[in-house]
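The structure under discussion appears below in the form of C-alpha cells.
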Amino acid sequence: MFVDKVTVQLHAGKGGNGCISFRREKYIPKGGPAGGDGGRGGSIIFEVDANTPALDWYRHTRIIKAENGIPGAGACRNGRSGEDLVLKVPPGTLIRNRATGDLLFDGVEDKSQFLICTGGKGGKGNFRFRSPTNQAPNIATPGTEGQSCEVELELKLIAEVGLIGFPNAGKSTIISFLSKHAFKTAPYPFTTLVPNLGYVYYKGGNRILFADIPGIIEGAHQNRGLGLEFLRHIERTKVLVYVLDASGIDGRTAVDDFKVLRHELASYDPELLKRPSLVVLNKEDIESAQEGIEAFSKEFPELKASTFITAAEEGTGLDQLKAAVFDRVFSI
Ligand SMILES: Nc1nc2c(ncn2[C@@H]2O[C@H](COP(=O)(O)OP(=O)(O)OP(=O)(O)O)[C@@H](O)[C@H]2O)c(=O)[nH]1
Ligand SMILES: [Mg+2]
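When we follow numbering that gives the first Met the number 0, the leftmost residue of the sequence shown carries the number 0, and every step to the right adds one.
Here you go:
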C-alpha cells in the first residue's frame, strides 16, 4: 500500500449582498423599496468517484473556491446563488482537518458525498424590510462569508501487480518500459531502495498500478539486504510477477533465484505463494540466457503457460507480458 497525500485550502462562496433600491416608475412619485436579496454562496462538497484514479488534480490546485452568490438588484431581483462545487476524490480517500488531524470523512462508497464547507447566506434586500411603519427602508444586509478550511486528503493506493526479484534482474527496467516513466535503473544491485509505482495503460483506457519492489536476496527474511519490509506493499496485490535474470551474468541461475524468492516470500507470508503469478525470464538478449531458459523450463514444466521470455532493455516480449498481466488481473 502506498500513501499519497495532498493539502488543500477550501473556501465556500460568499453570499451576495442584499440590495437597497426603490421603484422608479413613471407617474408613481414615491415608489416603494425594491432591493432584491443576494444569492447564497456555493458550498464545497466532496464526492467519491470510482472513475477518479488519484489525487493528481489537487496537486496543481491548492486553493479551491466555490462561486460567490450574486448581489440582489433593483426591481426585487434576487441574485443568483453560487454554484456548489463538487470535488471528486477516488474511493479510499480520507479527509482530515489539517489543523487538528481529525478525520472528517472516510470516502469508501462510490457516489457518497460529504458537505465540507457551507456557502455564505445571501443578504436581504430592502424590500424585505418594508413595514407599515417604515415604507421606505434604507437598509439591506450583507451576504455572509462562506466557510473555509484546510484539509488533508490521503489516499492509500493499492498496487494490483507486484514485481518481485533479485537485485539487478531488471524489475525497474520493466516497469519503466510499461509505464512509460523513467525509473532509475543501473547495473548494480539495490538500485531501487523504495518501491516504484507506475500505472500501466492498456486498450480501452484500462490501467493497472504496478509496484516495483526493491530487490530481495537469500536471507532477506533475516533482514539481509533490504530485508522483507517492503513485502507489505504486495500484501494486497492481485498478481505477482517474478522477474528472473536468465543470463546468469550475476553468477546465479534463474532456477535457484526462483526457489529462493519463493522461500523468502513464504517466510514472510505463506499465503503469498498462492497468489496468481507470472514468471519473467529476462535478459534473453545475452547469449548465456538460452541455457538458463532451458534449465528453467525443464525444472518447472508446469509453469510454461505463465512464463514470459523478455529482453526488457529493448522492450522485447513486454507487450505479451502486459497482455497476460491484464488478462489475469481482470479475470480475478
Ligand atoms: N542485457 C540486458 N540488460 C538488462 C535487461 N534488463 C535490464 N538490464 C540491465 O540490468 C541492470 C539492472 O536493471 P534494473 O532494472 O535496474 O534492475 P532491478 O531489478 O530494478 O534492480 P534493483 O533495483 O537493484 O533491485 C541495468 O543495467 C539494466 O540496464 C535486459 O533485458 N538485457
Ligand atoms: Mg530497481
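Using N, Cα and C, we set each Cβ at its ideal position, and we do this for glycine too.
Exercise for the section: May I ask you to check if the CB of P141 is nearer than 8 Å to at least one heavy atom of ligand 2? Expected result: no
Problem - Pick from D211, I173, H262 and D105 that is closest to T236, judged by C-alpha positions - result: D211
Handout entry: Contact test: G214 Cβ vs ligand 2 heavy atom, cutoff 8 Å
Key = yes
Practice task
Please find out if some non-hydrogen atom of ligand 2 comes closer than 8 Å to the beta-carbon of S330.
Solution key: no
Handout entry: Separation of F165 from V242, as counted between CA atoms
Key = 8 Å
Practice task
Report, in whole angstroms, the separation of the C-beta atoms of L317 and L177, which I expect to be a contact under 8 Å.
Solution key: 6 Å
Problem - Unbroken alpha helix (DSSP H) run spanning K321, endpoints - result: L317 to S330
Handout entry: Buried or exposed by the 16-neighbour rule on C-beta atoms within 10 Å, applied to E66
Key = buried
Handout entry: Endpoints, the alpha helix (DSSP H) within which Y200 is located
Key = No alpha helix (DSSP H) holds Y200; the beta strand (DSSP E) holding it covers N195 to Y200.
Handout entry: Other residues of its chain near A288: CB distance less than 6 Å, five sequence neighbours each side excluded
Key = A245, S246 and K282
Exercise for the section: With DSSP as the reference, please indicate the residues paired to V160 in a beta bridge. Expected result: F209 and V238
Problem - alpha helix (DSSP H) segments (min. 4 residues) lying fully within the segment 129-187 - result: 170-178
Handout entry: In DSSP terms, what E286 is bridged to
Key = In the DSSP output, where bridge partners are listed per residue, E286 has none listed.
Practice task
Can you tell me which of the three DSSP states A253 falls into?
Solution key: helix
Handout entry: T132 versus A74, G31, S171 and R22, residue with shortest Cα-Cα distance
Key = G31
Exercise for the section: Take every Cβ of the segment 62-82, pair it with every Cβ of the segment 4-13, and state whether three or more of those distances are shorter than 8 Å. Expected result: yes
Practice task
Would you mind working out which of A168, G204 and V199 sits nearest Y187, comparing C-alpha positions?
Solution key: A168
Exercise for the section: Could you have a look at K4 and say whether DSSP puts it in helix, strand or coil? Expected result: strand
Exercise for the section: Go ahead and pull the three-state DSSP assignment for I216. Expected result: coil
Problem - Straight-line gap, K120 to N137 (C-alpha atoms, nearest Å) - result: 20 Å
Practice task
Can you have a look at A322 and say buried or exposed, based on whether 16 or more other CB atoms are within 10 angstroms of its CB?
Solution key: exposed
Handout entry: Under the three-state DSSP convention, the category N50 falls into
Key = coil
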